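Taking it in order: structure first as structure tokens, then the write-up.
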Amino acid sequence: ATQLNQIPNQKYADKIPIRSGGFDKFSVKGSQFQRPLLEFSGACAGCGETPYLKLATQMFGGRMIIANATGCSSIWGGSAPAVPFTVNEEGHGPAWANSLFEDNAEYGFGMVLATIQRRNKLADLITQAIKENKVSGDLKEAFSGWLENKDDAEKSKEFGDKIKSGLKDNHGDFVLNEIWEARTMLTKKSIWSVGGDGWAYDIGYGGLDHVLAMGKDINILVFDTEVYSNTGGQASKATPIGSVAKFAASGKKTKKKDLGLMAMTYGYVYVASVAMGSNK
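Under our numbering, the first residue of the sequence shown carries the number 384, and numbering increases by one thereafter.
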């Protein structure tokens, strides 16, 4: 009741536009001018996991598909009614689904394969429409532009929007209607398998290794808390040597597993780490 007089201020704040123009959204500064598509999660106070996925949604959220491993991120990411994912001004936002603990990498990999097949079919339909002269003018140019740039995130969306605009009231033909029905595949997707170190370092590592080895366009984000967070803070393979945790009351006797180094041994897997507080 004490906050009721703040409702008008909240409604006003919700309507303030996001002013992200002129900044590179893939820079440290520019990313923070983008609309976060993860907000007001049900995570524990001070949770260190949510800021990283929030940052990912600021860069990729409008075309993001998330395969989430069971764990903490299941709780703050998908416990109704506190689902934190939202949409941008176009109504686009992350698509989120939760997997079992042990197969999340494979779950996300299946999404990758399905997306590849669906977009290849869409490309075949667009090629057919051009060859059979079912389109002309600006729409034909948009079709050709999309075929040349379908694997470019920004340009596939640019040409995809033109295609949707051109087909909105003009898809009576069978082939054009098939393209219209598959319009959600026009923009290149950014697919992520997300989970904690209990998934990535331990129970799901076999699947993770297999997916990394396949060389497909998939992103893996590991929330490395260095313990089994969701079950109370037990030592895991990610726990550094000497750390005190449950099941390691006198300090862990073995080294932390170097997951990044293991992924790098393939020679074709891009590996990066991020720590927002590393300079503190």
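From the three backbone atoms N, C-alpha and C, an ideal C-beta is built for every residue, glycine too. It should be emphasised that the depicted structure is a prediction, and the values quoted were computed from it without experimental measurement.
Short Cβ contact (9 Å threshold) for residue i with residue j
{"i": "L438", "j": "T469", "result": "no"}
{"i": "W575", "j": "G491", "result": "yes"}
{"i": "P477", "j": "I448", "result": "yes"}
{"i": "F542", "j": "A525", "result": "yes"}
{"i": "T453", "j": "L483", "result": "yes"}
{"i": "E473", "j": "G445", "result": "yes"}
{"i": "K517", "j": "V558", "result": "yes"}
{"i": "K571", "j": "S539", "result": "yes"}
{"i": "W563", "j": "K545", "result": "no"}
{"i": "S626", "j": "D580", "result": "no"}
{"i": "E515", "j": "G587", "result": "no"}
{"i": "G578", "j": "N487", "result": "yes"}
{"i": "G616", "j": "A628", "result": "yes"}
{"i": "L604", "j": "L387", "result": "no"}
{"i": "Y649", "j": "L591", "result": "no"}
{"i": "G380", "j": "L522", "result": "Any property of residue 380 remains undetermined from this structure, which presents the chain solely from 384 to 663."}
Reduced DSSP secondary structure (H/G/I, E/B, other) of residue i
{"i": "A536", "result": "helix"}
{"i": "K408", "result": "coil"}
{"i": "Y651", "result": "coil"}
{"i": "G520", "result": "helix"}
{"i": "G598", "result": "coil"}
{"i": "G431", "result": "coil"}
{"i": "V627", "result": "coil"}
{"i": "Q617", "result": "strand"}
{"i": "S462", "result": "coil"}
{"i": "V610", "result": "strand"}
{"i": "L420", "result": "coil"}
{"i": "M664", "result": "Residue 664 lies beyond the range of the chain shown here (384 to 663); nothing can be said about it."}
{"i": "E473", "result": "coil"}
{"i": "S456", "result": "helix"}
{"i": "N553", "result": "coil"}
{"i": "T440", "result": "helix"}
{"i": "I546", "result": "helix"}
{"i": "L569", "result": "coil"}
{"i": "S633", "result": "coil"}
{"i": "Q393", "result": "helix"}
{"i": "I401", "result": "coil"}
Among the options, the one whose alpha carbon lies nearest that of residue i
{"i": "W479", "options": "I399, D585, I458", "result": "I458"}
{"i": "T510", "options": "E531, I399, D585", "result": "E531"}
{"i": "K636", "options": "P623, K629, L644", "result": "P623"}
{"i": "D407", "options": "I399, Q417, S519, P400", "result": "Q417"}
{"i": "A621", "options": "H593, D607, G634", "result": "D607"}
{"i": "W399", "options": "D535, G589, N471", "result": "It should be noted that the sequence gives Ile, not Trp, for residue 399. Comparing Cα positions, the closest option is N471."}
{"i": "L569", "options": "D552, D534, G579, N560", "result": "D534"}
{"i": "M442", "options": "G425, G461, K412", "result": "K412"}
{"i": "R402", "options": "S414, Q393, N392, G578", "result": "S414"}
{"i": "N503", "options": "W529, D552, S519, G643", "result": "W529"}
{"i": "M597", "options": "Q393, A632, K639, V652", "result": "V652"}
{"i": "D507", "options": "E422, E561, N451, H475", "result": "E561"}
{"i": "V370", "options": "G643, Y584, D556, S456", "result": "The shown model of the chain, from 384 to 663, leaves out residue 370, and the question about it has no answer."}
{"i": "M659", "options": "P434, Y395, G634", "result": "P434"}
{"i": "A646", "options": "H593, D397, N481, F423", "result": "H593"}
{"i": "S456", "options": "N481, H475, T440", "result": "N481"}
{"i": "N602", "options": "E489, E609, K523, C430", "result": "E489"}
{"i": "F409", "options": "Y395, N451, E537", "result": "E537"}
{"i": "S573", "options": "E422, H475, H554, K523", "result": "H475"}
In DSSP terms, what residue i is bridged to
{"i": "G479", "result": "The amino acid occupying residue 479 in the given sequence is Trp; Gly does not appear at that position. The partner list for W479 (beta bridge, DSSP) reads I449."}
{"i": "W575", "result": "I449, N602"}
{"i": "F526", "result": "Looking at the DSSP assignment, F526 forms no beta bridge with any residue, so it has no partner."}
{"i": "F468", "result": "L421"}
Within-9 Å CB hit, residue i to chain D
{"i": "A525", "result": "Of the protein chains in this structure there is only one, and it is not chain D."}
Could you tell me which uninterrupted alpha helix (DSSP H) segments, each at least 4 residues in length, are contained entirely in the segment 485-518, listed from first to last along the chain? 487-514
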